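Enquirer:
Protein chains: 2
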Amino acid sequence: MTKNKEQNLESLGEFGLIEHLTSQIEIKNESTLKGVGDDAAVIDYQNKQAVVTTDLLLQGIHFDLVYTPIKHLGYKAVMVNLSDVYAMNATPKQITVSIGVSSRISLSFIEELYEGIKVACDKHNVDLIGGDTSTSLTGLTISITAIGEANKEDIVYRKGAKPNDLICVSGDLGAAYMGLQVLEREKRVHADNNSVQPDLSGYDYILERQLKPEARKDVIEYLKAAGVKPTSMIDISDGLSSEILHICKQSNTGCRIYENKIPIDHATSLMAEEINMNPTVAALNGGEDYELLFTISMEDYEKFSKETDLKIYTIGHITEESKGKYLVTNGDQEVELQAQGWNAIGKH
Amino acid sequence: MTKNKEQNLESLGEFGLIEHLTSQIEIKNESTLKGVGDDAAVIDYQNKQAVVTTDLLLQGIHFDLVYTPIKHLGYKAVMVNLSDVYAMNATPKQITVSIGVSSRISLSFIEELYEGIKVACDKHNVDLIGGDTSTSLTGLTISITAIGEANKEDIVYRKGAKPNDLICVSGDLGAAYMGLQVLEREKRVHADNNSVQPDLSGYDYILERQLKPEARKDVIEYLKAAGVKPTSMIDISDGLSSEILHICKQSNTGCRIYENKIPIDHATSLMAEEINMNPTVAALNGGEDYELLFTISMEDYEKFSKETDLKIYTIGHITEESKGKYLVTNGDQEVELQAQGWNAIGKH
Chain G
1 MTKNKEQNLE SLGEFGLIEH LTSQIEIKNE STLKGVGDDA AVIDYQNKQA VVTTDLLLQG
61 IHFDLVYTPI KHLGYKAVMV NLSDVYAMNA TPKQITVSIG VSSRISLSFI EELYEGIKVA
121 CDKHNVDLIG GDTSTSLTGL TISITAIGEA NKEDIVYRKG AKPNDLICVS GDLGAAYMGL
181 QVLEREKRVH ADNNSVQPDL SGYDYILERQ LKPEARKDVI EYLKAAGVKP TSMIDISDGL
241 SSEILHICKQ SNTGCRIYEN KIPIDHATSL MAEEINMNPT VAALNGGEDY ELLFTISMED
301 YEKFSKETDL KIYTIGHITE ESKGKYLVTN GDQEVELQAQ GWNAIGKH
Chain D
1 MTKNKEQNLE SLGEFGLIEH LTSQIEIKNE STLKGVGDDA AVIDYQNKQA VVTTDLLLQG
61 IHFDLVYTPI KHLGYKAVMV NLSDVYAMNA TPKQITVSIG VSSRISLSFI EELYEGIKVA
121 CDKHNVDLIG GDTSTSLTGL TISITAIGEA NKEDIVYRKG AKPNDLICVS GDLGAAYMGL
181 QVLEREKRVH ADNNSVQPDL SGYDYILERQ LKPEARKDVI EYLKAAGVKP TSMIDISDGL
241 SSEILHICKQ SNTGCRIYEN KIPIDHATSL MAEEINMNPT VAALNGGEDY ELLFTISMED
301 YEKFSKETDL KIYTIGHITE ESKGKYLVTN GDQEVELQAQ GWNAIGKH
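The listed protein sequences derive, respectively, from chains G and D. Position 172, counted from 1, in the first sequence is what the working numbering calls 172; the numbers after and before it change by one each time, with no gaps. Position 68, counted from 1, in the second sequence is what the working numbering calls 68; the numbers after and before it change by one each time, with no gaps.
#1: Would you list the residues sitting across from G:Val42 in a DSSP beta bridge?
#2: So what's D:Asp199 in DSSP terms, helix, strand or just coil?
#3: Counting only beta-carbon atoms, is G:Lys34 nearer than 8 Å to chain D?
#4: Select from the stretch 268-295 of chain D all residues with a C-beta closer than 7 Å to any C-beta belonging to chain G, and list them in chain order.
#5: How long is the line joining the alpha carbons of G:Lys303 and G:Arg185, rounded to whole angstroms?
#6: In three-state DSSP terms, what is G:Arg209?
#7: Which residues, taken in chain order from the stretch 157-182 of chain D, show a beta carbon closer than 7 Å to some beta carbon of chain G?
#8: Considering G:Asp332, what are the terminal residues of the alpha helix (DSSP H) in which it resides?
#9: Please compile the residues from chain D whose C-beta is within a distance smaller than 8 Å of the C-beta of G:Gly74.
#10: Output needed in chain order: residues of the stretch 42-61 of chain G with a Cβ under 9 Å from some Cβ in chain D.
#11: Please classify G:Val66: is it buried, with 16 or more other beta-carbons within 10 angstroms of its beta-carbon, or exposed?
#12: Grouping DSSP H, G and I as helix and E and B as strand, with all else coil, what is D:Glu92?
#13: Please identify the residue among G:Met88, G:Tyr313 and G:Pro69 whose C-alpha is closest to the C-alpha of G:Leu207.
#14: Check whether the stretch 135-151 of chain D and the stretch 266-275 of chain D are in contact - that is, three or more C-beta pairs closer than 8 Å.
#15: Can you list, in chain order, the residues of its chain with a C-beta nearer than 7 Å to that of D:Gly60? Leave out the 5 residues immediately preceding and following it.
#16: Can a CB atom of chain G be found closer than 8 Å to the CB of D:Asp300?
#17: Apart from the five residues just before and just after G:Val52, which ones in its own chain have a Cβ nearer than 7 Å to its Cβ?
#18: How about D:Ser83 and D:Asp265: are their beta carbons less than 8 Å apart?
#19: Taking 8 Å as the CB-CB limit, is D:Ser108 close to chain G?
#20: Pick from G:Ile129, G:Leu58 and G:Lys71: whose alpha carbon is nearest that of G:Ser23?
#21: Are D:Asp165 and D:Thr91 closer than 8 Å when you measure CB to CB?
#22: Mind pulling the chain D residues with CB within less than 9 Å of G:Leu137?
#23: Ignore the nearest five residues each way along the sequence and tell me which others in G:Ile257's own chain have a CB closer than 6 Å to its CB.
#24: Below 8 Å on the Cβ atoms is my guess for D:Val100 versus G:Leu33; work out the distance and round it to an integer in Å.
#25: Quick check: what's the CA-CA separation for G:Pro198 versus G:Ala283?
#26: Does the contact criterion of 3 or more C-beta pairs under 8 Å hold for the stretch 33-51 of chain G versus the stretch 39-52 of chain D?
#27: Which chain A residues sit within Cβ distance under 9 Å of G:Ala87?
#28: What's the gap between the Cα of D:Gln333 and the Cα of D:Leu223?
#29: Comparing the C-beta of G:Ser143 with each C-beta of chain D, is any distance below 8 Å?
#30: What in chain G is Cβ-close to D:Ser98, meaning under 9 Å?
#31: The alpha helix (DSSP H) with D:Gly174 in it runs from where to where?
#32: At 8 Å on the CB atoms, spell out the chain D contacts of G:Ile27, in chain order.
#33: Please state whether DSSP places G:Glu149 in a helix, a strand or coil.
#34: Go ahead and label D:Ala87 buried or exposed: buried means 16 or more other beta carbons lie within 10 angstroms of its beta carbon, across all protein chains shown.
#35: Check whether the Cβ atoms of G:Pro213 and G:Glu112 lie closer than 8 Å to each other.
#36: Quick check: what's the CA-CA separation for D:Tyr313 versus D:Phe15?
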């Protein structure tokens, strides 16, 4: 992938580009019978079930090329899909990738994007089995579909939560949102005075959470090893508040979330202080954390080993539906949870 | 879907929109265990294999909203994907649909688009199992992934053609391209003088071929009933020339296509004459016909019943690779086939 960097897309053509980008792909999974190169890919899960999810990422809505390293963007585009597969307690096996790019974009730009996609696939042992590449008259468009497999009895839906179940989250929240605030601030400063270089030092953790999130394969593996099957699960893409409401709605339950139990990293709190914002709000409504939110029965809680590096935080419990859905604040007040999360239609 | 036509998208929000659009979806296939409404859909093909294909349609590249009825666009967006599934000799069962729309677009516009998508799904007995809906800062974006099933032994790849196999096509070619020429011409006339109404009368057939193509489910069913398994198959989206070259390349063969055997509808010829174009060129390079191109062994040819309304045209035969890939013209000359088909990267 190192030669022909300056070759333009027109001279390659669509088939040439696809061949160029996919020639080095090696199939990793037994279930992938045919990848790129026919009218469709062929997969065989035998006696397992398939889960399918898809996400569309549009320039200016979901990402800003001013501050997003293109390789990270490719990586993240895969992660947001794999995260949905893990949230079903399934293992991702295949993805298709469709991209629309301006014909003025360089080949090396697209190669970088695919490089990020491939790193993500390698890390999660996923096969890139097909896709579509097109010119776009407007911005960069990335559409990914991920397919995964699971035994029928292992699949976890949003709907299985029961009163008294514990509500757990797999990592700290609000950091990705705070990373975005840093990037947006530096973009504004740079726009006002473009001799000023962006100052991103000291914000590593929250920037990485925004630019290079990691789908929680390790959590799924840990749950399996511990013999714990969550009663419900969802990934946190739109903020804790929105996600727990999805679980409650589909499970016909209420919930209590305790503000003082919500895991918030020190770096998130520092940045929140800098911009005069309550970090709990970032956790509840910020989104893009890609942690797993799940419920487990009380009995299963004891199965979590104390000897793992992996942190599972218990942040509340499920209640009867009639008890409502509330956040219990540090001041011991009950505030009704509202879905104010990332709303791509409403907010942009 | 009739009320709230004037409701704007912002007030609905993303989840509201998805719920609004998907609330009336009924699952048609046993293999669809869970459709819209969780992190991922769940499907179970048991002992069958799954085929997966995806297509990205971008405004200004793949469609022009000036002359494309939005409901037809939804229908066509599904058809181009189902066509790829049929081209594997498989049966489509599920699709996911992701759309990006401007927040200025009305709810009724999106409803129309989904209406076309649903009509297509109903006709082909396909379940809409998920997707993503987002604001777009630019044009309309439609990304569809189709999943189908087949018995392992029934799947037909591009690579199985053998010397002496007959080359068959399921319907006439070049009409969709000619329909596009009519639409583009009327658009230019209207742009020059917008008091002139577009005159599309008399062009019904070629316009329908362009705006509302039909994926050839009937052909797959006919082949199965006749006991014929093609040795290779592909759908014609980029023109006959490009597609037969794909088959030859993957099968390591050559071919001879006979110009006088290529099925061209009278309406296509008339329009070609009007614009002073050779209709064979439209068939070879026009694209978007969504007919099936396949090869069969000589022995299988006799299995085609004379009593069907369904027309299968034999247009040539496969040769040894060393014999090259040629069109035999009406003047009995051999012209090397070239892939000049629809090339979304190169031409737009």
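Even for Gly, the Cβ is constructed at its ideal location relative to N, Cα and C. Since the structure is predicted, the reported quantities are computational estimates derived from the model, not experimental observations.
Expert: Here's the rundown:
#1: Looking at the DSSP assignment, G:Val42 forms a beta bridge with G:Lys34 and D:Val51.
#2: coil
#3: yes
#4: none
#5: 44 Å
#6: helix
#7: Result list: Tyr157 and Arg158.
#8: Careful: G:Asp332 lies outside any alpha helix (DSSP H) and carries neither H nor E.
#9: Per Cβ cutoff of 8 Å: no residues; G:Gly74 is ~16 Å from chain D at best.
#10: Val42, Ile43, Asp44, Tyr45, Gln46, Asn47, Lys48, Gln49, Ala50, Val51, Val52, Thr53, Thr54, Asp55, Leu56, Leu57, Leu58, Gln59, Gly60 and Ile61
#11: exposed
#12: This sequence places Pro at residue 92 of chain D; Glu is not what is there. Reduced to three states, the DSSP call for D:Pro92 is strand.
#13: G:Pro69
#14: no
#15: Gly139
#16: no
#17: Once the five neighbours on either side are set aside, the close Cβ partners of G:Val52 are Thr145 and Ile147.
#18: The answer is no: Cβ separation not under 8 Å.
#19: no
#20: Per the Cα distances, G:Ile129.
#21: no
#22: What G:Leu137 touches in chain D: Leu58, Gln59, Gly60, Ile61, Thr138, Gly139 and His348.
#23: Ile315, Gly316 and Leu327
#24: A small correction: the amino acid at residue 100 of chain D is Gly; Val does not occupy that position in the sequence shown. Between G:Leu33 and D:Gly100 the Cβ distance is about 32 Å, and since that is not below 8 Å, they are no contact.
#25: 26 Å
#26: yes
#27: No chain A is present in this structure, whose protein chains are G and D.
#28: 33 Å
#29: yes
#30: What D:Ser98 touches in chain G: Thr54, Asp55, Leu56, Ser143 and Thr145.
#31: Taken as a continuous stretch (DSSP letters only), D:Gly174 belongs to no alpha helix (DSSP H), as it is neither H nor E.
#32: Here the premise fails: no neighbours, minimum Cβ distance about 14 Å.
#33: Correct three-state label for G:Glu149: strand.
#34: So D:Ala87 ends up on the buried side.
#35: no
#36: 48 Å
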